[in-house]
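Residue numbers (the working numbering): 9 to 538.
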């Protein structure tokens with residue numbers, strides 16, 4: 009690190025040379041001395057010293073005090089006055105140019121070193137302070153947040169200073185300095201903001217408040233005010249426009265609410281489907297459980313009443329009663345209304361997408377109505393199928409012909425006593441195996457059966473609704489006795505609603521219930537034994 013550079017301004021050459029020699033002995037870098045103020049500025053431009061030792065009483069029209077004052081206006085170099093005079097008038101004149109030191113002749117080496125080091129340190133600190141002030145002043149002027157410096161008084165707070173952003177955010181003019189804050193700041197009339205300023209001033213703890221601005225009864229913007237106890241007995245008030253942040257927060261809040269509502273709706277729908285899928289639960293019990301589940305699917309679940317009407321039967325929540333704030337959906341089966349689904353708000357609610365319901369809640373209601381319609385239709389089909397199967401079972405059990413009922417998927421639905429006696433196969437056995445696994449080829453028992461012909465005939469019956477008679481060479485069910493049994497005929501079974509319930513397989517045994525088809529050797533189309 010190079011030593012500090014010192015410039016000596018002294019009109020007496022002997023004194024100047026002596027001071028130069030002593031400074032160099034103390035370790036400073038000294039340029040040639042300047043004997044007059046005329047050559048000072050030219051020397052400074054060339055060599056740029058760190059500190060200047062200047063005699064107050066220079067020869068000529070300008071003395072050291074005037075020269076130091078002019079120098080301070082154009083250069084930032086610390087000046088130390090050296091003089092043989094310490095009278096009050098001289099000192100007062102010297103103070104006007106704000107010197108960094110004052111040394112009385114004759115100068116001692118220790119005093120000289122001390123004065124120079126203190127001047128350099130003081131100048132460095134002042135420079136850092138000025139830089140800091142300029143930096144913060146720049147921030148103060150250019151920041152997007154509005155900043156007010158308030159001065160407390162007996163009648164409240166007055167505006168001491170403010171930045172350009174505060175003028176725009178606070179709706180103020182340039183002449184607000186010195187005025188009471190409530191006279192110039194738009195939101196300062198708010199009791200909430202005035203109370204905030206008073207609390208912060210008394211307690212010394214920073215606080216923040218957000219105020220809304222209205223137009224025609226609607227919020228148009230938000231301002232955030234942060235008050236803090238500043239230095240020098242002042243108050244700081246920072247103003248921010250938080251409108252975009254508030255709108256984003258509101259958008260996120262709504263989206264979060266919408267997402268939560270969708271999750272709640274989907275969870276409720278899943279539970280409804282789970283209840284409807286319970287095979288062993290009676291249908292009436294399913295409806296009772298569903299009406300207790302449905303309030304969870306709406307945002308006013310604690311104030312929701314639900315009712316399902318099916319014919320003369322009603323299923324409702326304990327708190328249900330019809331109100332003006334309800335929405336209902338009909339339950340339609342084959343074009344006729346068999347009931348309805350209703351959700352009512354039990355207290356007054358503002359109108360939303362439909363009645364008191366949000367859009368996703370309306371979709372939820374429609375989907376539940378669809379599920380219930382499907383469930384009612386399925387229950388009606390189940391009851392009708394049960395009645396028809398009871399009739400069919402009684403009819404089949406009265407027949408001596410071995411017969412098996414297969415649904416359209418190829419699963420065994422019912423078999424009569426004659427079939428079980430002939431084949432040794434029970435309904436429980438056939439339910440848990442592919443119906444085609446029971447098929448065997450007529451004749452040699454070790455021949456592997458190709459069942460595709462039987463499958464094709466079965467599909468044709470299901471698609472066309474016409475009966476199929478199979479040739480003698482087709483596959484057979486294994487049976488007791490001679491181990492052979494032939495599929496004679498596949499006949500469609502129709503329900504009372506003219507829907508196909510399944511296919512009836514009728515079996516005949518060789519020599520007992522054999523039927524010879526036309527074209528077979530020895531067959532007589534007019535002669536059949538039953």
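A virtual CB, placed ideally from N, CA and C, is assigned to each residue, including glycine. The structure displayed is predicted, hence computed values, not measured ones.
Beta-bridge partners of residue 124 (DSSP): none assigned. If you keep only unbroken beta strand (DSSP E) runs of at least 3 residues inside the region 34–64, you get 59–63.
Assignment of residue 245 by DSSP, reduced to helix, strand and coil, places it in the strand class.
Counting of Cβ neighbours within 10 angstroms places residue 239 among the exposed residues, the total staying below 16. For residue 291, there is no enclosing beta strand (DSSP E); the enclosing alpha helix (DSSP H) has its first and last residue at 291–301. Under the three-state reduction of DSSP, residue 238 is assigned to coil, being neither helix nor strand.
Between residue 391 and residue 274, the alpha-carbon positions lie close to 30 Å from each other. In the displayed model, residue 168 falls within a strand according to three-state DSSP.
Residue 411 is bridged by DSSP to 514. Look at residue 502 here: in three-state DSSP terms it is strand.
Of all C-beta pairs linking the region 13–25 to the region 50–60, three or more are shorter than 8 Å, placing the two stretches in contact. Note that the region 90–103 touches the region 113–126; at least 3 beta-carbon pairs, one per stretch, sit closer than 8 Å.
Counting other Cβ atoms within 10 Å of its Cβ, residue 352 reaches 16 or more and is therefore classed as buried. Apart from the 5 residues on each side of it in sequence, residue 151 sits with its Cβ closer than 8 Å to the Cβ of 171 and 173 in its chain, given in chain order.
Assigned with DSSP and collapsed to three states, residue 461 falls in helix. Sequence-distant Cβ neighbours of residue 292 in its own chain, meaning closer than 6 Å and more than five residues away, do not exist here. A direct Cα-to-Cα measurement between residue 19 and residue 101 gives close to 19 Å.
Given a length threshold of 4 residues, each whole run of the alpha helix (DSSP H) inside the region 137–219 is given here in chain order: 172–178, 189–192 and 199–211.
Out of 262, 409, 122 and 498, the CA that lies nearest to the CA of residue 430 is found in 409. In this chain, the alpha helix (DSSP H) harbouring residue 267 covers 251–284. Between the region 175–194 and the region 252–271, the count of Cβ pairs shorter than 8 Å is below three; the stretches do not touch. Comparing alpha-carbon positions, the option among 262, 323 and 85 lying closest to residue 348 turns out to be 323. Per DSSP, residue 323 is not a residue of any alpha helix (DSSP H); the beta strand (DSSP E) it occupies stretches across 321–324.
A Cβ-Cβ distance of about 5 Å is found for the pair residue 233 and residue 217, placing them in contact under the 8 Å criterion.
For the pair residue 73 and residue 105, the CB atoms are nearer than the 7 Å cut-off. In this structure, DSSP gives residue 362 an extended state, which the three-state scheme calls strand. Residue 231 is classed as buried because its beta carbon has at least 16 other beta carbons within 10 Å across all chains shown. Looking at the backbone, the Cα of residue 300 and that of residue 307 are separated by about 15 Å. For residue 214, the CB contacts under 6 Å within the same chain, skipping 5 residues up- and downstream, are 236 in chain order. Check the Cα spacing between residue 263 and each of 119, 368, 302 and 333: the tightest is with 368. A distance of 7 Å or more separates the beta carbons of residue 127 and residue 154. For residue 431, the uninterrupted alpha helix (DSSP H) run begins and ends at 425–431, by DSSP.
Approximately 6 Å separates the beta-carbon atoms of residue 51 and residue 42; this is inside 8 Å, confirming the contact. Cβ-Cβ separation between residue 189 and residue 163: approximately 11 Å, too far for a contact (criterion under 8 Å). Per DSSP, the beta-bridge partners of residue 345 are 340.
With a cut-off of 8 Å on Cβ pairs, the region 309–320 is in contact with the region 334–350, counting three or more such pairs.
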